[in-house]
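Visitor:
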């Protein structure tokens, strides 16, 4: 049993990761080869070109690191190199990246965003590690789907920030209104107030808040801090504002606002 386990672990360590670079030379030219001199023997370059392609830099042919270079001359035509590259991509995934012991990664070198739909399809269909760069040494270019997802996150963040500003403005206006009301009451005779058991009311409120925060999945440390803060400010006329500021000061704007939104209706 031990020998089998050791053999399996060694097999994992020795797992080879092959990287295939499919270059749309008609689109990127020699610029797409930048960084090829640093490639290793597990890297394979597939160059797709037509008679209309720009002249190939012979220095690239002579020095592409330890990688293997395979050229594919395809017929001249409208988007001919693109179509042949896309077709070869599917062939490569089926032959080299599916059901093999070796891990496989594919990088399409092109500025053409039309490849993004193909990339997203194969990612979903075969869970292949595939991306698009503008040159070999360049950073991965985001596909349209990734850009759309990021834009949606930015919109959500903007809405959250606007909500924060609105709540803070309301809380800042609250003391001014209360101060004006106090001044008005000073000129009139205050009615005799009924004595109530504040401690009992605060205890009930704390128990309700603990249930709300537990249900929201808040950590015990957060629950304890909020409970203590509410008890501390229970008799304060501006308790909502004081509790809000204490929570924001302790946990920051984003996390603090999330906590406050769960308890604001109770306090």
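In my numbering, the protein residues as written are 2 to 268. Where a beta carbon is used, it is the ideal one built from N, C-alpha and C, also for glycine.
#1: Residue 49 to residue 97, Cα distance in whole Å?
#2: To which residues does DSSP link residue 263 through a beta bridge?
#3: Would you please state the rounded distance, in angstroms, between the beta carbons of residue 69 and residue 45? I believe it to be under 8 angstroms.
#4: Taking the alpha carbon of residue 90 as the reference point, which residue from 41, 219 and 132 has its own alpha carbon closest?
#5: Is it buried or exposed for residue 136, if we count other Cβ within 10 angstroms and need 16 for buried?
#6: Using a threshold of 8 angstroms, state whether the C-beta atoms of residue 83 and residue 64 are closer than that.
#7: I need the straight-line Cα distance from residue 193 to residue 231, nearest angstrom please.
#8: Between which residues of its own chain and residue 127 is the CB-CB distance below 8 angstroms, once the five residues before and five after are set aside?
#9: Just reading off the beta strand (DSSP E) that residue 109 is part of, what are its end residues?
#10: Distance check for residue 42 and residue 71, CA to CA, integer angstroms please.
#11: Compute the Euclidean distance between the alpha carbons of residue 203 and residue 213, then round it to the nearest angstrom.
#12: Give the secondary structure of residue 20 by DSSP, where H, G and I count as helix, E and B as strand, and everything else as coil.
#13: Please state if the CB of residue 106 and the CB of residue 66 are separated by a distance shorter than 8 angstroms.
#14: Enumerate in chain order the residues of its own chain whose CB-to-CB distance from residue 211 is below 8 angstroms, with the five nearest sequence positions on each side excluded.
#15: Considering Cα atoms alone, identify which of 221, 248 and 222 is closest to residue 234.
#16: So, are the CB atoms of residue 111 and residue 25 less than 8 angstroms apart?
#17: Please list, in chain order, all residues of the same chain as residue 116 whose beta carbon is under 6 angstroms from its beta carbon, the five residues on each side excluded.
#18: How would you write the range of the alpha helix (DSSP H) that residue 244 sits in, first residue to last?
#19: Ignore the nearest five residues each way along the sequence and tell me which others in residue 250's own chain have a CB closer than 7 angstroms to its CB.
#20: By how many angstroms is the C-alpha of residue 122 removed from the C-alpha of residue 88?
#21: Given a cut-off of 8 angstroms on the beta-carbon distance, is the pair residue 244 and residue 103 in contact?
#22: Are the CB atoms of residue 52 and residue 31 within a distance shorter than 8 angstroms?
#23: Along the beta strand (DSSP E) that carries residue 71, what are the first and last residues, could you check?
#24: Which residues bound the beta strand (DSSP E) around residue 65?
#25: Taking just the CA atoms, how far does residue 125 sit from residue 264?
Guide: In short, the structure shows the following:
#1: Residue mapping note: residue 49 aligns to position 48 of the chain shown, counting from 1. Residue mapping note: residue 97 aligns to position 96 of the chain shown, counting from 1. When rounded, the separation of the alpha-carbon atoms in residue 49 and residue 97 is 19 angstroms.
#2: Within the chain shown, the letter at position 262 stands for residue 263. Residue 263 is bridged by DSSP to nothing; it lacks a bridge partner.
#3: As a working mapping, residue 69 is identified with position 68 in the chain shown. As a working mapping, residue 45 is identified with position 44 in the chain shown. Indeed they touch by this definition, with Cβ atoms about 5 angstroms apart.
#4: Here residue 90 corresponds to residue number 89 of the chain shown, with the count starting at 1. For residue 90, the nearest C-alpha among the options comes from 132.
#5: Residue numbering aside, residue 136 sits at position 135 when the chain shown is read from its first letter. Residue 136 comes out buried.
#6: Stepping through the chain shown from its first residue, residue 83 is reached at position 82. Stepping through the chain shown from its first residue, residue 64 is reached at position 63. Cβ atoms of residue 83 and residue 64: not closer than 8 angstroms.
#7: Counting from one through the chain shown, the residue named residue 193 turns up at place 192. Counting from one through the chain shown, the residue named residue 231 turns up at place 230. The predicted model places residue 193 with a pLDDT of 45, which falls under 50 and marks its position as unreliable, so this point remains unresolved.
#8: Position 126 of the chain shown holds residue 127. The beta carbon of residue 127 is closer than 8 angstroms to those of 94, 98 and 99 in its chain, skipping five residues each way along the sequence.
#9: As a working mapping, residue 109 is identified with position 108 in the chain shown. Start and end: 104-110.
#10: Residue numbering aside, residue 71 sits at position 70 when the chain shown is read from its first letter. Residue numbering aside, residue 42 sits at position 41 when the chain shown is read from its first letter. Cα to Cα, the separation comes out at about 13 angstroms.
#11: By 1-based counting over the chain shown, the position of residue 203 is 202. By 1-based counting over the chain shown, the position of residue 213 is 212. So the two alpha carbons sit approximately 15 angstroms from each other.
#12: What you label residue 20 is simply residue 19 of the chain shown in a count that begins at 1. Under the three-state reduction of DSSP, residue 20 is assigned to strand.
#13: In the chain shown, the residue the question calls residue 66 occupies position 65. In the chain shown, the residue the question calls residue 106 occupies position 105. Going by C-beta atoms, residue 66 is not nearer than 8 angstroms to residue 106.
#14: As a working note, residue 211 is residue 210 in the chain shown. Once the five neighbours on either side are set aside, the close Cβ partners of residue 211 are 224 and 228.
#15: For the purposes of this step, residue 234 is identified with residue 233 of the chain shown, where counting begins at 1. In terms of Cα proximity to residue 234, the closest of 221, 248 and 222 is 248.
#16: One-based indexing of the chain shown puts residue 111 at position 110. One-based indexing of the chain shown puts residue 25 at position 24. Result yes, Cβ atoms of residue 111 and residue 25 sit closer than 8 angstroms.
#17: Within the chain shown, numbered from 1, the residue matching residue 116 stands at position 115. Counting only Cβ-Cβ distances below 6 angstroms, and skipping sequence neighbours, we find 109 and 133.
#18: Stepping through the chain shown from its first residue, residue 244 is reached at position 243. Judged by DSSP secondary structure, residue 244 falls within the alpha helix (DSSP H) whose first and last residues are 240-252.
#19: Numbered from its first residue, the chain shown carries residue 250 at position 249. So the list is empty, once near-sequence residues are dropped.
#20: In the chain shown, the residue the question calls residue 88 occupies position 87. In the chain shown, the residue the question calls residue 122 occupies position 121. Per the coordinates, the alpha-carbon of residue 88 lies some 13 angstroms from the alpha-carbon of residue 122.
#21: On the chain shown, residue 244 is found 243 positions in, with the first residue counted as 1. On the chain shown, residue 103 is found 102 positions in, with the first residue counted as 1. Judged by their CB atoms, residue 244 and residue 103 are not nearer to each other than the 8 angstroms cut-off.
#22: Within the chain shown, residue 31 is the residue found at index 30, counting from 1. Within the chain shown, residue 52 is the residue found at index 51, counting from 1. Contact flag unset, no.
#23: Stepping through the chain shown from its first residue, residue 71 is reached at position 70. That run of the beta strand (DSSP E) goes 69-74.
#24: Along the chain shown, read from residue 1 onward, the residue named residue 65 stands at position 64. Looking at the DSSP string, residue 65 is not in any beta strand (DSSP E), and its letter there is neither H nor E.
#25: For this step, residue 264 is matched to residue 263 along the chain shown. For this step, residue 125 is matched to residue 124 along the chain shown. A direct Cα-Cα distance of roughly 41 angstroms separates residue 264 from residue 125.
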